[in-house]
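Residue numbers (my numbering), protein chains in the order written: chain F, 1 to 293; chain L, 1 to 267.
Here is the structure:
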């Protein structure tokens, strides 16, 4: 018995959630691990791995900088970053603003385009998931348009809106739309028949069916759609802004390339990565909040 | 008269349309259930016993014949029948209380306070007052099935329909829940139609065991009156000669009269 317990503790597995224990079983089983050398805690190993990875990356980068010509080394970039992030929200006219403003205006474009996509894509996904005929109608169009690079839509946006900013938002809208529609529709189709049978035997009203069964059942799929959309949108905004100009992190990258400030480009790359990671993590947290089981 | 044919299944047949042509699942089913009676349907898997239950629930429509409940034509699902599904079918995003409340709120037009009270009492009946605020994933399979029973009973249905309610549970939990169900049915005087493939369960719980022939075109093969007095004690019955006899009769039906066809189906 004790041996079994010991072996279990050696696997770094999270204990599976179990049903409430029977009162008699609630008594703690004494685990005698004292005499064995306790394995290093998981967080420590993770932390060491992280540090090792980052250190190796930095060393490789420094080596490339030293022998590879025009790439600035980590220290130069660090010093430039300290200067940039000391005053991220300065504004000297439309073409010279702090990195904070640039990131915020990119996020704003993503937010608007993405919000519009959610407002249209989620209801559309519900309808496509619910009605087979509509699904048949939409399937070929979505299949055809989904693999198109969102940037291919940019000229159409410029043509229609005759301005850079709405065109960029429109590109974000297009690229966010497909994952949102597809995932919501899949979610609707995946609702277990059992839940719908409950609705049927209770004769629930359409509104109750939607609020108590359809919506909560589809929510995890919707959040996955949102996550994919945000990820793509954040990838695309940089490219779109390079093409359209104005204020934004993508434009800033291009501007600094024209100024040949390579260290700023590297700072932009890290900034874009960190913001993207934060968006992703926020949605992972949201998804965890709404996952049942 | 009315009470003798409280639930009345009259010349009911069900044919499914499949890609390979029509499939006759059930044919010429005649069954009358008394008010307050406990009837189980038993048969080999695929004999259409769940189909029959779904017909009574209104989830399926009969191809032939009619089903009457308290002299009312059964035409589609409705809250005058409480259904307990095999896999509990609780909504995972609602607590036990909310799962039951959803049903209560649909059926009764009382004040919110009374609705909550009805919900609490239904959960108390199945012994789950302490788990009201738990989510389905936080409780055991047996407890989930109890919530399912509470949900079905809370709407005070005319008939309780149970589709292999304990099929997915381990033997010990199943026994406990069978005892619970006997107690609840005794307390509420509910009319019950239950599908099972467990011979002991059928004999222990029922007033009548309806034995079905093998499909396709399954029908009622035989009906066994279970004359054991109530309340019934599981342990006492284990050595009861009458119980053994009834059990043997069901086994004989299933494994002798219906065995040959079942084997053919497998081959």
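Note that CB positions come from ideal geometry on N, CA and C, so glycine has one too. Small disclaimer: the values here were computed from a predicted structure and weren't measured.
For a test of the three-state rule: what should DSSP assign to residue i, helix, strand or coil?
i                     : result
residue 25 (chain F)  : Because residue 25 (chain F) carries a pLDDT of 47, less than 50, the predicted location of this residue cannot be relied on, and no value is offered for it.
residue 5 (chain L)   : coil
residue 38 (chain F)  : coil
residue 58 (chain F)  : helix
residue 218 (chain L) : strand
residue 14 (chain L)  : strand
residue 46 (chain F)  : helix
residue 49 (chain L)  : helix
residue 281 (chain F) : helix
residue 189 (chain F) : helix
residue 72 (chain L)  : strand
residue 91 (chain F)  : strand
residue 238 (chain L) : coil
residue 227 (chain L) : coil
residue 290 (chain F) : coil
residue 258 (chain L) : coil
residue 268 (chain F) : helix
residue 200 (chain L) : helix
residue 116 (chain F) : helix
residue 148 (chain F) : coil
residue 85 (chain L)  : coil
residue 128 (chain F) : helix
residue 193 (chain L) : strand
residue 173 (chain L) : helix
residue 98 (chain F)  : coil
residue 104 (chain F) : helix
residue 168 (chain L) : coil
residue 60 (chain L)  : coil
residue 68 (chain F)  : coil
residue 182 (chain F) : helix
Please return the same chain residues whose Cβ sits closer than 8 Å to the Cβ of residue i, not counting the five positions on each side in sequence.
i                     : result
residue 219 (chain L) : 26, 27, 28, 29, 212 and 213
residue 150 (chain F) : 171, 172, 174, 175, 232, 236 and 240
residue 237 (chain L) : 204, 228 and 243
Can you find the residues in the same chain that come closer than 7 Å, C-beta to C-beta, to residue i, ignoring five residues on each side of it along the sequence?
i                     : result
residue 250 (chain F) : 106, 237, 238, 239, 240, 241 and 242
residue 116 (chain F) : 173
residue 215 (chain L) : 25, 46, 47 and 48
residue 183 (chain L) : none
residue 61 (chain F)  : 74
residue 262 (chain F) : 70, 71 and 72
residue 271 (chain L) : With chain L represented from 1 up to 267, any question about residue 271 (chain L) goes unanswered, as that position is not in the structure.
residue 77 (chain L)  : 57, 58 and 59
residue 168 (chain L) : 86, 87 and 141
Please list, in chain order, all residues of the same chain as residue i whose beta carbon is under 6 Å from its beta carbon, the five residues on each side excluded.
i                     : result
residue 75 (chain L)  : none
residue 88 (chain F)  : 98, 99 and 100
residue 71 (chain F)  : 64 and 65
residue 125 (chain F) : 181, 184 and 185
residue 26 (chain F)  : Note that residue 26 (chain F) scores a pLDDT of 49, beneath 50, so its modelled location is shaky; the value from the coordinates is reported in the next line. None.
residue 79 (chain F)  : none
residue 129 (chain L) : 123
Self-check item: Segments of 3+ residues assigned as beta strand (DSSP E) that fall wholly inside the segment 208 to 244 of chain F
Solution: none
Self-check item: Within the segment 102 to 162 of chain L, ranges of the alpha helix (DSSP H) (whole runs, at least 4 residues)
Solution: 112 to 125 and 141 to 154
Quiz prompt | Cβ-based contacts, 9 Å cut-off: residues of the segment 200 to 218 of chain F near chain A | solution = In the structure shown, chain A cannot be found, because the protein chains are F and L.
Quiz item: Using a beta-carbon distance cut-off of less than 8 Å, what residues from the segment 88 to 103 of chain L approach chain F?
Solution: 89, 91, 92, 93, 94, 102 and 103
Quiz item: Would you say the segment 116 to 129 of chain F touches the segment 175 to 185 of chain F, given that touching needs at least three Cβ pairs under 8 Å?
Solution: yes
Quiz item: Pairing CB atoms from the segment 6 to 25 of chain L with CB atoms from the segment 55 to 75 of chain L, are three or more of them under 8 Å?
Solution: yes
Quiz item: Quick one: any contact between the segment 141 to 155 of chain L and the segment 71 to 86 of chain L, if contact means 3 or more CB pairs under 8 Å?
Solution: yes
Practice problem: Return the residues of the segment 46 to 57 of chain L that lie within a Cβ-Cβ distance of less than 8 Å from chain F, sorted by chain order. | Solution: 57
Quiz item: Any residues in the segment 79 to 110 of chain F with a beta carbon nearer than 7 Å to a beta carbon of chain L? Which ones, in chain order?
Solution: Here the close residues number zero.
Self-check item: Inter-stretch contact at 8 Å, needing at least 3 Cβ pairs: the segment 211 to 218 of chain F / the segment 88 to 108 of chain L
Solution: Touching, yes, given that three or more Cβ pairs across the two stretches are closer than 8 Å.
Practice problem: Please determine if the segment 223 to 237 of chain F and the segment 266 to 283 of chain F are in contact, where contact requires at least 3 C-beta pairs separated by less than 8 Å. | Solution: Touching, yes.
Practice problem: Could you please tell me which residues of the segment 178 to 199 of chain F, in chain order, have their CB closer than 7 Å to any CB of chain L? | Solution: 194, 195, 197 and 198
Quiz item: Do the segment 117 to 124 of chain L and the segment 96 to 107 of chain L touch if we need at least three Cβ pairs shorter than 8 Å?
Solution: yes
Quiz item: Mind listing which residues of the segment 138 to 167 of chain L have their C-beta closer than 7 Å to chain F's C-betas, in chain order?
Solution: 139 and 140
Exercise. Taking 8 Å as the threshold, find out whether the segment 239 to 259 of chain L comes into contact with the segment 193 to 210 of chain L through three or more Cβ pairs.
Key: yes
Quiz prompt | Proximal residues, the segment 164 to 196 of chain L versus chain F, C-beta separation under 8 Å | solution = none
Quiz item: At which residue ranges does the segment 16 to 46 of chain L contain complete alpha helix (DSSP H) runs of 4 or more residues, listed in the order of the chain?
Solution: The segment 16 to 46 of chain L contains no whole alpha helix (DSSP H) run of 4 or more residues.
Quiz prompt | Members of the segment 3 to 24 of chain L near chain F, C-beta cut-off 9 Å | solution = Of all residues in the segment 3 to 24 of chain L, none has a Cβ within less than 9 Å of some Cβ in chain F.
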